[in-house]
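Residue numbers (the working numbering): 9 to 524.
Structure (structure tokens):
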């Protein structure tokens with residue numbers, strides 16, 4: 009059982025007040041920026057799949073998944089509680105923003121950083137954490153659940169608590185089921201450091217809860233999959249083996265430049281230098297090389313390096329600038345003289361303003377930095393379920409009215425076709441607003457192999473089999489493609505002679521299935 013004194017220490021009156029402030033602020037900042045513009049295949053990546061789960065469909069079995077099954081299920085839960093809408097969708101990301109920001113505050117307070125300074129760094133953290141995306145995204149979820157796992161390890165070291173150790177595998181498993189990386193990188197990097205601490209400090213009583221927790225959570229996940237008809241073979245093929253084939257190509261093509269790394273991560277690296285300086289000063293003062301704060305520094309240092317490495321090999325925009333207030337806060341907790349504290353606060357404030365402007369105000373993560381966001385239109389012009397969203401995308405940056413008209417044309421065309429149909433495209437909200445099963449077999453269409461196997465992949469046969477199984481199972485009579493999906497992408501999955509093609513407009517095609 010959790011120690012009541014531990015709870016009282018973590019959540020005293022001051023801390024509780026800070027948690028309330030951080031929660032309200034973290035919610036508000038993400039809800040605001042999550043509504044500002046869209047990058048369709050990223051912004052809606054879990055919007056439709058969360059609704060599919062409510063309607064009895066599941067990842068791996070009913071649609072191809074390379075990442076994010078845990079996010080789909082969280083989204084389904086939020087839809088179940090709050091209803092299916094864009095506001096509920098953004099709320100999902102806001103809840104994670106609250107959780108990780110509050111957790112940051114608790115960790116900083118646990119390492120004796122004063123209330124006001126901890127509050128300041130945690131608020132800066134919340135600005136730079138989820139608002140860069142604003143909507144649920146696999147890299148953010150994986151990074152934040154991994155960071156929660158790191159935080160739990162730090163609290164376990166600080167508090168020497170069996171209960172806290174029992175939670176470590178939970179957060180890392182959730183991180184892995186959000187996306188395989190950076191979670192797996194952090195697991196293989198941080199857990200060994202934790203074991204070094206355990207054996208060096210003779211705290212072996214922390215090992216059994218770590219082991220039993222891992223067994224318990226894995227068993228529950230396997231049971232859940234079994235009850236919902238998800239085969240282990242599908243899980244391993246889609247989530248383990250196929251992504252490895254993508255990753256191997258990225259490792260082969262990785263090109264590192266010292267100037268590039270410094271240029272992209274300069275504020276993170278400068279923050280690390282201050283952390284290392286604080287650690288050296290602490291060792292010089294106490295003449296003790298290994299203590300709890302040494303492990304704190306080491307774990308934060310390794311976590312930062314791992315997340316930078318992940319960003320270097322991923323194709324997504326940089327989003328790890330939330331590390332700046334975290335690293336600076338930890339440095340401040342270790343060396344807390346006035347001059348050092350004020351210098352760190354100024355550095356954190358400057359970094360937060362800089363990246364807030366670029367990634368939140370300019371929406372750089374969703375490729376909207378050169379878009380006039382004042383041209384955005386209310387997404388209620390498409391449907392009331394998208395209320396709150398200000399629609400403008402990079403693809404139609406000069407004319408959002410044209411894109412909205414296109415979507416409405418597609419929506420009305422699909423509505424008039426009463427047959428069972430499959431839609432392949434990146435407007436992954438059409439099934440929700442039409443209240444129809446559109447039998448999507450993948451979360452998004454990037455068409456570079458990161459979404460589903462291409463014909464040249466050894467796993468393409470499995471994806472093709474899944475598509476054809478869904479067509480037969482749901483008695484599909486017509487398939488629709490929406491740009492960027494092209495007719496040749498459809499013909500790769502289904503023999504051309506089995507389809508009658510009709511070009512509805514330059515972005516939208518219909519394929520009627522014939523008996524072959």
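Just so you know, even glycine gets a beta-carbon here, dropped at the ideal spot from N, CA and C.
Note that the coordinates shown come from a computational prediction; the quantities given were computed from them, not determined experimentally.
By the criterion of a C-beta distance shorter than 6 angstroms, residue 286 is surrounded in its chain by 339, 342 and 343, once the five residues flanking it on both sides are discounted.
Taking each of 345, 439, 424 and 334 in turn and checking the Cα distance to residue 275, the smallest one comes out for 334. Residue state for residue 517 is assigned as strand, using DSSP reduced to three classes. The C-alpha of residue 326 is placed about 18 angstroms away from the C-alpha of residue 75. Going by DSSP, residue 490 is part of the beta strand (DSSP E) stretching over 486–490. Within its own chain, the residues whose Cβ lies closer than 7 angstroms to the Cβ of residue 33, once the five positions on either side in sequence are excluded, are 131 and 134, listed in chain order. Note on geometry: alpha-carbon atoms of residue 78 and residue 182 lie some 7 angstroms from one another.
With a threshold of 16 other beta carbon atoms within 10 Å, residue 323 falls short and is exposed.
Per DSSP, residue 431 lies in no alpha helix (DSSP H); the unbroken beta strand (DSSP E) holding it starts and ends at 429–432. Within its own chain, the residues whose Cβ lies closer than 6 angstroms to the Cβ of residue 500, once the five positions on either side in sequence are excluded, are 463, listed in chain order. Membership of residue 94 in the alpha helix (DSSP H) is indicated by the continuous run 94–118.
Shown here, residue 413 sits in a helix according to DSSP, grouped into three states.
With a cut-off of 8 angstroms on Cβ pairs, the stretch 368–385 is not in contact with the stretch 309–316, counting fewer than three such pairs. The C-beta separation of residue 446 from residue 426 comes to about 13 angstroms, leaving the pair out of contact by the 8 angstroms criterion. For residue 254, the closest alpha carbon among the candidates 490, 51, 455 and 502 is that of 455. Along the stretch 282–335, the alpha helix (DSSP H) occurs as fully enclosed runs of 4 or more residues at 300–321, listed in sequence order.
Rounded to the nearest angstrom, the gap between the Cα atoms of residue 438 and residue 104 is 26 angstroms. Secondary structure note for residue 83: its alpha helix (DSSP H) is the uninterrupted segment 77–90. Looking at the DSSP output, residue 408 bridges to nothing. Take residue 242, set aside five residues on each side of it, and the residues of its chain with a beta-carbon closer than 7 angstroms to its own are 68 and 69, in chain order. For residue 475, the enclosing alpha helix (DSSP H) covers residues 468–481. Taking the Cα of residue 167 as reference, the smallest distance to any Cα among 45, 206, 390 and 63 is reached at 206. The C-beta of residue 506 has fewer than 16 other C-beta atoms within 10 Å across all chains shown, which makes the residue exposed.
Around residue 458, the same chain offers 74, 254 and 323 as residues with beta carbons nearer than 8 angstroms, after the five sequence neighbours per side are excluded. Straight-line spacing of the CA atoms in residue 284 and residue 208 works out to 22 angstroms. If you compare the alpha carbons of 395, 383 and 54 with that of residue 401, the shortest gap goes to 383.
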